[in-house]
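K.L.:
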Amino acid sequence: MKVKVQLQHLKPYQPGKPIEEVKREYGLETVIKLASNENPYGCSEKAKKAIAEELGQLAIYPDGYARALREALAAHLNVKEEQLIFGNGSDEVVQIICRAFLEKGTNTVMAAPTFPQYRHNAVIEGAEIREVPLVNGHHDLEAMLAAIDEATRVVWICSPNNPTGTYVNETALRSFLARVPKHVLVVIDEAYYEYVQADDYPETVSFLNEYENIMILRTFSKAYGLAALRIGYGIAHENIIRSIEPAREPFNTSRLAQAAALAALSDQVFIRDCAERNKQGLEQFYRFCEEQQLAYYRSEGNFILIDFGFSGDEVFQYLLKRGIIVRSGCALGFPTAVRITVGSQQQNEAIIHALTEMLKERRGHRCKETS
Ligand SMILES: *Cc1c(COP(=O)(O)O)cnc(C)c1O
583 MKVKVQLQHL KPYQPGKPIE EVKREYGLET VIKLASNENP YGCSEKAKKA IAEELGQLAI
643 YPDGYARALR EALAAHLNVK EEQLIFGNGS DEVVQIICRA FLEKGTNTVM AAPTFPQYRH
703 NAVIEGAEIR EVPLVNGHHD LEAMLAAIDE ATRVVWICSP NNPTGTYVNE TALRSFLARV
763 PKHVLVVIDE AYYEYVQADD YPETVSFLNE YENIMILRTF SKAYGLAALR IGYGIAHENI
823 IRSIEPAREP FNTSRLAQAA ALAALSDQVF IRDCAERNKQ GLEQFYRFCE EQQLAYYRSE
883 GNFILIDFGF SGDEVFQYLL KRGIIVRSGC ALGFPTAVRI TVGSQQQNEA IIHALTEMLK
943 ERRGHRCKET S
């Protein structure tokens, strides 16, 4: 048997280490996981209630069109219902876009490092990958424009970018979109939209009236705290949505996910509260970085990338033994950094305490070596 050649060099996605596994391996009772940008406050109580109410319906297939959720979300976003596509997480919308647009002989342009699923799915479809290095953690939009040619089908903009937390501001995005050729789809991945605080972050949904070649991705996995249920969505011109729909599986979002997302959407107080706490959490980390003179990017997401100046794997291991799971930058294209999800105030204090100890030990060690 023979799988596609493209698959022979692809590694399956390496997820953050699961809590249960770390507890077992290190004999720990409490473990804090700040590795996958999950919401430390869980989800809205309304979502839990909606799931409970749905339990009598488990034998029945979900609505493949997600009508109730679609109506509510369209109203929430002020777009037409035909402008939405739902996915089993926005991950699946990425996959649908790749299935629909990419094949051998085409190419796709993205930043590097960025969210790995764009590359992964594009490779499977046999497209050429054009990666444009970030500059100071930011998308290099001019270089991305220069990488576009007649065979380019999709350009990916991750804003806020995972793993740097940086964003593309309104002026830069408008200038970019005005120059992207009309045969190219620009996907703007806004998985962290609800957390963004920057005043000049673009309201891209309003761009849909001006541009027919953009698609916005959002998700219920991050601020909405429903990562386990797997539901995200794309917003675009109805012509784009109609043309990619055949690449979507008929019942790709579950009944529980649809019901929970619908209820979660109605609880914007929860979202605002999480965003506010996240902002305060980021400040905790900024203070720590300033005190310790560590390089970092200011983040518009619920995570922060901190450069320690030595192997991110080492920092990861140090924290792991103490029951804290983060993401090593080694797997993210930043070998001397770690990406930390902003947790509750208490969780942030715990990790900052451990990191302070680590730095003290290392610095003490270095002094001894040189004396
Ligand atoms: C987490 C994340 C996603 C995927 O989220 P889903 O759980 O699949 O909805 C997409 N894009 C970025 C940048 C992310 O960080």
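For the sequence shown, my numbering assigns the number 583 to the initial residue and increments by one for each residue that follows.
No residue lacks a Cβ here, since even glycine has one placed at the ideal position from N, Cα and C.
By Cβ distance, which residues of its chain are closer than 6 Å to residue 866, with the 5 residues on each side in sequence left out?
P.N.:
930
K.L.:
Quick one: what does DSSP say residue 942 is sitting in, helix, strand or coil?
P.N.:
The answer is helix: DSSP assigns residue 942 an H, G or I state.
K.L.:
To the nearest angstrom, how far is the alpha carbon of residue 659 from that of residue 653?
P.N.:
10 Å
K.L.:
How would you write the range of the beta strand (DSSP E) that residue 860 sits in, first residue to last?
P.N.:
No beta strand (DSSP E) contains residue 860, which is instead part of the alpha helix (DSSP H) from 850-874.
K.L.:
Secondary structure at residue 746, three-state DSSP: helix, strand or coil?
P.N.:
coil
K.L.:
With distances taken between CB atoms, is the gap from residue 802 to residue 814 smaller than 8 Å?
P.N.:
yes
K.L.:
Using a Cβ-based criterion (distance less than 7 Å to any ligand heavy atom), does residue 1011 qualify as near ligand 1?
P.N.:
No information on residue 1011 is available, as it lies outside the stretch 583 to 953 that the chain covers here.
K.L.:
Taking its Cβ as the centre, do 16 or more other Cβ atoms sit within 10 Å of residue 716, making it buried, or is it exposed?
P.N.:
buried
K.L.:
Just tell me which of 697, 662, 706, 694 has its CA closest to the CA of residue 682.
P.N.:
706
K.L.:
Per DSSP, residue 694 is paired with what?
P.N.:
715
K.L.:
For residue 842 and residue 632, I'd like the C-alpha separation in whole angstroms.
P.N.:
6 Å
K.L.:
Note down, in chain order, each residue of its chain lying with its Cβ closer than 6 Å to the Cβ of residue 694, except the 5 sequence neighbours on either side.
P.N.:
713, 715
K.L.:
Using a Cβ-Cβ cutoff of less than 8 Å, which residues in the same chain neighbour residue 780 once the five nearest sequence positions on both sides are dropped?
P.N.:
749, 751, 882
K.L.:
For residue 583, does the count of other Cβ atoms within 10 angstroms reach 16, so buried, or fall short, so exposed?
P.N.:
Residue 583 should be labelled exposed.
K.L.:
Please report the distance separating the alpha-carbon of residue 788 from that of residue 937.
P.N.:
Distance between the alpha carbons of residue 788 and residue 937 is about 42 Å.
K.L.:
Among all the DSSP beta bridges, which residues are the ones paired with residue 908?
P.N.:
DSSP output for residue 908 lists no bridge partner at all.
K.L.:
If you reduce the DSSP assignment to three classes, tell me which class residue 953 lands in.
P.N.:
Confidence is the limiting factor: at residue 953 the pLDDT is only 48, short of 50, which leaves the residue's position unreliable and the question unanswerable from this model.
K.L.:
Hey, out of 589, 672, 661, whose CA is closest to residue 785's CA?
P.N.:
661
K.L.:
Evaluate residue 742 with the Cβ neighbour count: other Cβ atoms within 10 Å of its Cβ, from every protein chain shown; 16 or more gives buried, anything less gives exposed.
P.N.:
Around the beta carbon of residue 742, a 10 Å sphere encloses 16 or more other beta carbons of the protein chains shown; the residue is thus reported as buried.
K.L.:
On the DSSP letters alone, give me the boundaries of the beta strand (DSSP E) that residue 815 sits inside.
P.N.:
For residue 815, the enclosing beta strand (DSSP E) has its first and last residue at 814-818.
K.L.:
Run through the region 773-841 for me and flag every whole alpha helix (DSSP H) of 4 or more residues, listed as ranges in chain order.
P.N.:
820-826
K.L.:
Would you check whether ligand 1 has a heavy atom nearer than 7 Å to the C-beta of residue 673?
P.N.:
Under cutoff, so the answer is yes.
K.L.:
Excluding sequence positions up to five away, which residues of its chain have a Cβ less than 8 Å from the Cβ of residue 818?
P.N.:
665, 667, 790, 796, 797, 798
K.L.:
Pull up the distance between the alpha-carbon of residue 645 and that of residue 853, whole angstroms please.
P.N.:
26 Å
K.L.:
Note down, in chain order, each residue of its chain lying with its Cβ closer than 6 Å to the Cβ of residue 710, except the 5 sequence neighbours on either side.
P.N.:
Only 689 meet the Cβ criterion.
K.L.:
Using the Cα positions of residue 903 and residue 730, report the straight-line distance between them to the nearest angstrom.
P.N.:
46 Å
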